[in-house]
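Below is one structure, written out as C-alpha cells, with a few remarks after it.
In the working numbering, the protein residues as written are 6 to 258.
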C-alpha cells in the first residue's frame with residue numbers, strides 16, 4: 006500500500022507515452038534504422054554545430070538550412086530555400102524512383118521533371134530565433150520524408166503533424182523542438198515577436214519526452230543534453246529518461 010502511495014505518477018498520460026513509442030517504431034521501420042543507429046547525432050544548437058555567419062537574412066537562412074540538411078543525412082536531396090512571403094503555394098514533389106531514403110551513397114531518389122527541387126520556405130522573422138528556424142526546417146524535411154512511406158503514422162493521418170515532429174526529433178533535432186515548443190508571452194511588448202516563433206504540434210513536455218527516448222536509444226549521457234535544454238525542462242528530462250530506462254520502455258523498439 007505504502008509503495009503505491011509514494012509512487013510518482015507518470016510524466017505523461019499512459020496513452021501519450023504509448024503513442025510516442027509507437028511513433029518511434031514507425032520511424033525506425035520506415036526511415037532507415039541503420040542511419041539512425043550509425044550516423045544520427047544529437048544536434049546541439051550552438052556555434053559548434055552551426056558555424057558561420059552571413060550578412061543578409063537570406064544568406065543566414067540558407068546557411069542554417071545547409072547545416073540542418075547535413076545533420077538530417079539528406080544532402081543528396083535537391084532543395085531550394087525560399088522566403089515564405091514570396092511563395093503563393095507549395096506542392097509536395099513527385100518522386101520517380103527512390104532507394105534507401107537517407108543513405109546518400111545508395112539513394113536513387115529522383116524527382117519528376119516538373120518538380121526539380123524540394124521547396125524549403127523560411128520565415129524571415131525566425132532568422133533571429135535560430136532554434137525556432139532549425140526546428141521549422143527539420144519539420145519541413147520530416148514532412149517531405151514522411152510522404153515517402155505508405156505506412157500511416159500511429160493513430161492515422163490526423164496525427165500527421167505530431168508524427169512528423171517525432172520524425173524530426175528522431176533525426177536528431179530534439180533539443181530545438183523542446184526548447185522552441187513554448188515561448189513566454191509576458192514582459193514588454195518589444196521583447197516578444199510572435200512571428201519569430203513556430204507553431205508546435207507537440208507540447209514542450211511531449212517533445213522533451215521524445216528527446217529522452219532518442220537519448221536512451223542512442224545511449225547519450227545527461228551531461229551532453231542538460232546544458233543545452235531550457236532550465237525548467239531539465240528535471241523533467243531527467244525524470245523522463247529515468248522512467249524510460251527503469252521500465253525498459255524502448256525494449257520493443
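Note that beta-carbon positions come from the ideal geometry of N, C-alpha and C, so glycine has one too.
_Under the three-state DSSP convention, the category residue 87 falls into_ = strand
*Per DSSP, which residues does residue 124 bridge with? Please list them.*
85
*Would you call residue 80 buried or exposed, if buried means 16 or more other Cβ atoms sit within 10 Å of its Cβ?*
exposed
*Output the boundary residues of the alpha helix (DSSP H) element that contains residue 63.*
62-76
*Whole angstroms is fine: what's the gap from residue 255's alpha carbon to residue 224's?*
12 angstroms
*Out of 221, 60, 129, which has the shortest C-alpha to C-alpha gap to residue 92?*
129
*asked:* Using only the alpha-carbon positions, how far apart do residue 23 and residue 238 sit?
replied: 21 angstroms
_Per the DSSP calculation, residue 174 is bridged to which residue(s)?_
In DSSP, residue 174 forms no bridge with anything.
*Option in 222, 126, 142 with minimal Cα separation from residue 178*: 142
*Determine the extent of the alpha helix (DSSP H) in which residue 35 is found, giving its start and end residues.*
19-35
*Using the Cα positions of residue 50 and residue 216, report the straight-line distance between them to the nearest angstrom.*
14 angstroms
*Compute the Euclidean distance between the alpha carbons of residue 29 and residue 258, then round it to the nearest angstrom.*
8 angstroms
*Have a look at the DSSP bridge pairing and note the partners of residue 100.*
116
*Classification of residue 153 by the beta-carbon crowding that lies within 10 angstroms, buried from 16 upward*: exposed
_Within 8 angstroms, strictly: CB atoms of residue 84 and residue 175_ = no
_Cβ neighbours of residue 26 in the same chain (closer than 8 angstroms, five flanking residues each side left out)_ = 218, 254, 255, 257, 258
*Note down, in chain order, each residue of its chain lying with its Cβ closer than 6 angstroms to the Cβ of residue 212, except the 5 sequence neighbours on either side.*
182, 183, 186
*Starting from residue 185, follow the alpha helix (DSSP H) in both directions and report where the run begins and ends.*
179-185
*Please name the residue in 74, 53, 180 whose C-alpha comes closest to that of residue 137.*
180
*Considering only the beta carbon of each residue, do residue 40 and residue 78 sit closer than 8 angstroms?*
yes
*Take residue 95 as the anchor and find which of 63, 122, 170, 107 has the nearest alpha-carbon.*
122
*Taking the alpha carbon of residue 21 as the point to measure from, which residue in 241, 53, 125, 167 has its own alpha carbon closest?*
167
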